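Asks:
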Amino acid sequence: MTKQYETVIGLEVHVELATKTKIFCGCSTAFGAAPNTHICPVCTGMPGSLPVLNRQVVEYAAAVGLATDCEITRLCRFDRKNYFYPDNPQNYQISQLYLPICRNGRVEIETAAGKKYVRIHEIHMEEDAGKLIHDEWEDISLVDYNRSGVPLIEIVSEPDMRSADEVIAYLEKLRLLIRYLGASDCKLQEGSMRADVNLSVREAGSAVFGTRTEMKNLNSFKAIARAIEGERERQIELLSEGKPVIQETRRWDDNKEASRAMRSKEDAKDYRYFPDPDLPPVFISEEWLKRIRDGLPEFRTEKMERYRREYGIPEYDISILTQSRTMAELFERATALCGQPKKVSNWLMGETMRLLKENGEEPEDLRFSPEHLAELIGMTDRREINGSAAKKIFEAMYDRDADPQTFAEEMGMKTVNDDDALRTAAERALAENPKSVEDYLGGREKAFGFLMGQIMRAMKGKADPAAANRILKELLEQKG
Numbered sequence: 002m003t004k005q006y007e008t009v010i011g012l013e014v015h016v017e018l019a020t021k022t023k024i025f026c027g028c029s030t031a032f033g034a035a036p037n038t039h040i041c042p043v044c045t046g047m048p049g050s051l052p053v054l055n056r057q058v059v060e061y062a063a064a065v066g067l068a069t070d071c072e073i074t075r076l077c078r079f080d081r082k083n084y085f086y087p088d089n090p091q092n093y094q095i096s097q098l099y100l101p102i103c104r105n106g107r108v109e110i111e112t113a114a115g116k117k118y119v120r121i122h123e124i125h126m127e128e129d130a131g132k133l134i135h136d137e138w139e140d141i142s143l144v145d146y147n148r149s150g151v152p153l154i155e156i157v158s159e160p161d162m163r164s165a166d167e168v169i170a171y172l173e174k175l176r177l178l179i180r181y182l183g184a185s186d187c188k189l190q191e192g193s194m195r196a197d198v199n200l201s202v203r204e205a206g207s208a209v210f211g212t213r214t215e216m217k218n219l220n221s222f223k224a225i226a227r228a229i230e231g232e233r234e235r236q237i238e239l240l241s242e243g244k245p246v247i248q249e250t251r252r253w254d255d256n257k258e259a260s261r262a263m264r265s266k267e268d269a270k271d272y273r274y275f276p277d278p279d280l281p282p283v284f285i286s287e288e289w290l291k292r293i294r295d296g297l298p299e300f301r302t303e304k305m306e307r308y309r310r311e312y313g314i315p316e317y318d319i320s321i322l323t324q325s326r327t328m329a330e331l332f333e334r335a336t337a338l339c340g341q342p343k344k345v346s347n348w349l350m351g352e353t354m355r356l357l358k359e360n361g362e363e364p365e366d367l368r369f370s371p372e373h374l375a376e377l378i379g380m381t382d383r384r385e386i387n388g389s390a391a392k393k394i395f396e397a398m399y400d401r402d403a404d405p406q407t408f409a410e411e412m413g414m415k416t417v418n419d420d421d422a423l424r425t426a427a428e429r430a431l432a433e434n435p436k437s438v439e440d441y442l443g444g445r446e447k448a449f450g451f452l453m454g455q456i457m458r459a460m461k462g463k464a465d466p467a468a469a470n471r472i473l474k475e476l477l478e479q480k481g
């Protein structure tokens, strides 16, 4: 009989925090700068330099802890994690082992079997390392210390997940919460959210954990799902052949859809942790914690409930709009200005989502203002522009937050509501297309659309469709 195996998964999720400066110095955290331009003696580990803690890092970490039902450690401290690697300029990393800022939390996820809680063992603050760039042509490695000292939180889960689907649901929920807090943009492609997967397999029904491996180099949800399936199959194959699974760190190659061993898995004792002598303990007072708690936003679940009460839009609209705090706030502010929740929703779920997808962007990248969206809706309601013009104006708004009124005037997009001009165009269309007039009078409705098209062409697309429709019907009735 073939043995059945169960997968046991825990995650270590690293999140770069959205502070403007690094955790222990005043260097910029901006992504994409030229190599080694955002550095100083502190973040490059120069002798004699001393770290000074960035207060905002503590507040973001505590906020994430509160959002994930963690206990906040009121007196926490930093420790030195010693290891030697070229991208680690001090030869140690300042992290937290003994007294992390957050402990014993949980995150609720939706699974095929219903709701489930994934427990969080701890959340700790630490500094990021630099980045190595390997040049295979010249057989050299270059190091960029811009990322060294960028503030991180590491969210360590308990081994509560049993499938790739549960892992992705957990990561998506974490990303949603953290983005709502504004604590990070959580862009996997830029490395501001990274997940290491700790995975083992055991015989179904067993209470004993198998030997776990840790997989790194996972920069997309799809890569994480593929890595989980690949490692699960690899371990089951080893056990089926009577071979042991070795505890080690493995690197996932998404192009080859395979992993390879990097090094044996370290334990805490290998890092020789000890309290950092240059940083005093961090005391989080009741008043400080209250300010952080009071600053928490309305999260998605509460927002969805309020939308159902206040806006009367379909459930599908609510689920899409609230997936991003940026999108939800844009919806709320535009609706407050124009009083048309469904029309605002239609623009956000239709043209906005289309352009985001075409440009490979996310809602957090949106540049247009709610005032301009509300004005565009007002212009269409007042029939100052037609639907075709509205879409072109919206594209300019999306691209550079163009003012809809100014853009419409500059591009000559305002509709013509002059009945005399429309009547002249309609009469010409009837005179030049007697067969279509005959067809319409004979009951062929499609001919009406053709005649409308002739009017719109004559007016260069600027005719008010409703007015043109009304005048054309009047003239056809006279001929009937």
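Numbers 2 to 481, taken from this note's numbering, label the letters of the sequence shown in order. All C-beta atoms, glycine included, are put in the ideal place defined by N, C-alpha and C. Given the structure is predicted, the values throughout are model-derived calculations rather than measurements.
Would you grab the beta carbon distance between I24 and G211 for me? Rounded to a whole angstrom, and I think it's under 8 Å.
Replies: Not confirmed; about 36 Å, so no contact.
Asks: In whole angstroms, what is the alpha-carbon distance linking G340 and Q455?
Replies: When rounded, the distance between both Cα atoms is 35 Å.
Asks: Taking Cβ positions, are L356 and E330 nearer each other than 8 Å?
Replies: Cβ distance not < 8 Å, so L356 and E330 don't count as in contact.
Asks: Report all residues from its chain with a CB closer than 7 Å to the CB of K392; omit the five preceding and five following residues, and keep chain order.
Replies: Result list for K392: E352, in chain order.
Asks: In chain order, which beta strand (DSSP E) runs of at least 3 residues are fully inside the region 52-93?
Replies: If we require 3 residues or more, the beta strand (DSSP E) runs fully inside the region 52-93 come out as 80-83.
Asks: May I ask you to verify whether the region 254-264 touches the region 19-38, counting CB pairs closer than 8 Å and requiring at least 3?
Replies: Contact between the region 254-264 and the region 19-38 is absent, because fewer than three Cβ pairs lie under 8 Å.
Asks: Pick from A68, D197, S29, M460: whose alpha carbon is nearest that of D295?
Replies: Of the candidates A68, D197, S29, M460, the one whose C-alpha sits nearest the C-alpha of D295 is A68.
Asks: Ends of the beta strand (DSSP E) at C339?
Replies: From DSSP, C339 is part of no beta strand (DSSP E) but of the alpha helix (DSSP H) over 326-339.
Asks: So, are the CB atoms of I121 and C77 less than 8 Å apart?
Replies: No.
Asks: So, for N470: in the same chain, excluding its five sequence neighbours on each side, which residues have a beta-carbon less than 6 Å away from its beta-carbon?
Replies: None.
Asks: Span of the beta strand (DSSP E) holding L492?
Replies: The chain is shown from 2 up to 481; residue 492 falls before or after that span and cannot be answered.
Asks: Entirely within the region 221-263 and at least 3 residues each: give me those beta strand (DSSP E) ranges in chain order.
Replies: Listed in chain order, the complete beta strand (DSSP E) runs (minimum 3 residues) inside the region 221-263 are 249-254.
Asks: Looking only at its chain, what residues have a beta carbon closer than 8 Å to the beta carbon of Y86, apart from the 5 residues adjacent to it on each side?
Replies: Correct list, in chain order: A130.
Asks: Should I314 be listed as close to the ligand NAD, given that the test is whether its C-beta is under 7 Å from any heavy atom?
Replies: As far as ligands go, the structure on display features none, and thus does not contain the ligand NAD.
Asks: Here's a check: name, in chain order, each residue in its chain whose Cβ is nearer than 8 Å to the Cβ of L297, leaving out the five neighbours to either side.
Replies: If we look at L297 and ignore the five residues flanking it on each side, its Cβ neighbours are A64, L67, A68, L182.
Asks: Are any of the Cβ atoms in chain B nearer than 8 Å to that of T353?
Replies: Of the protein chains in this structure there is only one, and it is not chain B.
Asks: Under a three-way DSSP split, which group does N387 fall into?
Replies: Correct three-state label for N387: coil.
Asks: Below 8 Å, how does it come out for the region 399-406 and the region 420-437: are there three or more Cβ pairs, yes or no?
Replies: Taking 8 Å as the limit for Cβ pairs, the verdict is that the region 420-437 does not touch the region 399-406.
Asks: Using CA atoms only, rank isn't needed, just tell me which of E478, V119, P152, Y317 is closest to Q52.
Replies: Note on residue identity: the sequence assigns Pro, not Gln, to residue 52. If we check each option's Cα against that of P52, P152 comes out closest.
Asks: Could you tell me which of R384, S437, N434 sits nearest to A468, measuring between CA atoms?
Replies: That would be R384, whose Cα lies nearest to the Cα of A468.
Asks: Leaving out five residues before and five after T8 in sequence, what residues of the same chain have Cβ atoms less than 7 Å from its Cβ?
Replies: Counting only Cβ-Cβ distances below 7 Å, and skipping sequence neighbours, we find R163, S164, L200, V202, R233.
Asks: So, are the CB atoms of D255 and R227 less than 8 Å apart?
Replies: Going by C-beta atoms, D255 is nearer than 8 Å to R227.
Asks: Here's the rule I'm using: 16 or more other beta-carbon atoms within 10 Å means buried, otherwise exposed. How should L349 be labelled?
Replies: Buried, since its Cβ has 16 or more Cβ neighbours within 10 Å.
Asks: Based on the DSSP secondary-structure assignment, which residues constitute the bridge partners of F275?
Replies: DSSP, once it has assigned bridges, lists R81 as partnering F275.
Asks: Quick check: what's the CA-CA separation for A196 versus D318?
Replies: Their Cα atoms are separated by approximately 30 Å.
Asks: Going by other Cβ atoms of all chains shown within 10 Å of its Cβ, with 16 needed for buried, is S241 buried or exposed?
Replies: Exposed, by the Cβ-count rule.
Asks: Check the DSSP bridge columns for V16 and list the partner residues they point to.
Replies: V16 pairs with I154, M194.
Asks: Thinking C-beta only, is I386 closer than 8 Å to K415?
Replies: For K415 and I386, yes; Cβs fall inside 8 Å.
Asks: Name the DSSP beta bridge partners of E306, please?
Replies: For E306, which the question treats as bridged, DSSP gives no partner whatsoever.
Asks: Does DSSP put M162 in a helix, in a strand, or in coil?
Replies: Three-state DSSP puts M162 in a strand.
Asks: N1 to Y312, Cα distance in whole Å?
Replies: Outside the displayed span of the chain (2 to 481) sits residue 1, for which this structure offers no information.
Asks: State yes or no: is the C-beta of P371 within less than 8 Å of the C-beta of L338?
Replies: Cβ atoms of P371 and L338: closer than 8 Å.
Asks: In the DSSP assignment, the beta strand (DSSP E) including I110 goes from what residue to what residue?
Replies: Where I110 is concerned, the enclosing beta strand (DSSP E) stretches over 103-112.
Asks: Per DSSP, Y6 forms a beta bridge with which residues?
Replies: Answer by DSSP bridge pairing, in chain order: E204.
Asks: Thinking just about the alpha-carbon of each residue, which of A208, S207, V209, N220 is nearest to the one in S193?
Replies: Closest by alpha carbon: N220.
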